[in-house]
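*Asks:* Before anything else, here's the structure in question.
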Amino acid sequence: MERGRFITFEGGEGTGKSTQARRLAQALRDRGINVVETREPGGSPAAELIRKIILSGAAEPFGPVAETMLFFSARDDHLTTVIRPALERGDWVICDRFIDSTRAYQERAGKVKSDLIRSLERTVIGETWPDVTFILDIDPETGLERARGETGGGPDRFEDADIEYHKKIRTAFRAIARSEPGRCVLINARKPADDVAQTVWNEVSLRYDLDDEDD
Ligand code: TYD
6 MERGRFITFE
16 GGEGTGKSTQ
26 ARRLAQALRD
36 RGINVVETRE
46 PGGSPAAELI
56 RKIILSGAAE
66 PFGPVAETML
76 FFSARDDHLT
86 TVIRPALERG
96 DWVICDRFID
106 STRAYQERAG
116 KVKSDLIRSL
126 ERTVIGETWP
136 DVTFILDIDP
146 ETGLERARGE
156 TGGGPDRFED
166 ADIEYHKKIR
176 TAFRAIARSE
186 PGRCVLINAR
196 KPADDVAQTV
206 WNEVSLRYDL
216 DDEDD
């Protein structure tokens, strides 16, 4: 059985990545591919527990290093119990946020030492790197406005930060996209959702030789 493909969606708040992840999953299913849709932080029962702790802000007093380790603890369980078994079955995995969020939020914006992140990456992720990562790019003013409209409730631990912080996140994601052009595809998320979905599909169908009709 051929290993499945691992595709991640990344970006700041309100870029529409969850919608795009869902649309790609549907387009693949329409072509008979088994798809596991998942997200981080979370994606497995144990990791969802850690998600609650992180996003409530309860771990914030322990500082950015501890928070980073919590993200990796959640990721370790998610990889072990959900992602690797799915890929080994030949399913495709589509994940809403993954390692690049840690690189953007904790490493580049949060100033957690790169050495620590690289070391946790080696231990926790090992060989299970995404095959393709779509980085959805939007100016933070528009993104935050969209995100607040979506959730309705109060901001979570990270949405609550000031605009300068979100600008740093955007810069960080763009830098990641530039530094790994083979894996990462940077997409202008101001475009209508249909256009973004078409760009995503074109890329995936080209890379994996799927037929290229729109979903
Ligand atoms: P979520 O509500 O899933 O946000 P979104 O809808 O924007 O994806 O909350 C996830 C938050 O956690 C988001 O603000 C980004 C942050 N995060 C990190 O800081 N590091 C990480 O490694 C991950 C996966 C997420």
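In terms of my numbering, the sequence shown has 60 at position 55, counting the first letter as 1, and numbering is strictly consecutive. Backbone N, C-alpha and C fix where the C-beta goes; we use that ideal spot for every residue, glycine too. Remember, predicted model here, so these are calculated numbers, not experimental data.
List the endpoints of the continuous alpha helix (DSSP H) containing G176.
*Replies:* In the sequence as presented, Gly is not what sits at residue 176; that position holds Thr. Residues 168-184.
*Asks:* If you run the structure through DSSP and keep just helix, strand and coil, what is D220?
*Replies:* At D220, the pLDDT of 47 sits below 50, so the modelled position is not reliable; the number obtained from the coordinates is stated separately. Coil, per DSSP.
*Asks:* For a test of your reading of the model: does the CB of E65 fall under 7 Å from any non-hydrogen atom of the ligand TYD? Yes or no.
*Replies:* E65: no, Cβ never under 7 Å from the ligand TYD.
*Asks:* Anyone know if the C-beta pair for D105 and E169 falls short of 8 Å?
*Replies:* Not a contact, by the Cβ cut-off of 8 Å.
*Asks:* Using CA atoms only, rank isn't needed, just tell me which of L125, A202, F163, A109 is closest to R175.
*Replies:* Residue A109 is the option with its Cα nearest to R175.
*Asks:* Just to confirm the assignment, what range does the alpha helix (DSSP H) spanning I58 have?
*Replies:* From DSSP, the alpha helix (DSSP H) with I58 extends over 50-61.
*Asks:* Sort out for me which residues DSSP pairs L191 with in a bridge.
*Replies:* I140, per the DSSP bridge assignment.
*Asks:* Could you check whether T147 and R195 sit closer than 8 Å to each other, using their CB atoms as the reference points?
*Replies:* A contact, by the Cβ cut-off of 8 Å.
*Asks:* Under 7 Å: does the beta carbon of T176 sit that close to some heavy atom of the ligand TYD?
*Replies:* Answer for T176: no, Cβ out of range of the ligand TYD.
*Asks:* Check I12 in the structure and name its three-state DSSP category.
*Replies:* Note: I12 maps to strand in three-state DSSP.
*Asks:* With a cut-off of 8 Å on the beta carbons, I'd call V209 and Q25 a contact; round off their distance for me.
*Replies:* 11 Å between Cβ atoms; not a contact.
*Asks:* Would you mind sorting R212 into buried or exposed? The rule is 16 or more other CB atoms within 10 Å of its CB.
*Replies:* Result: exposed.
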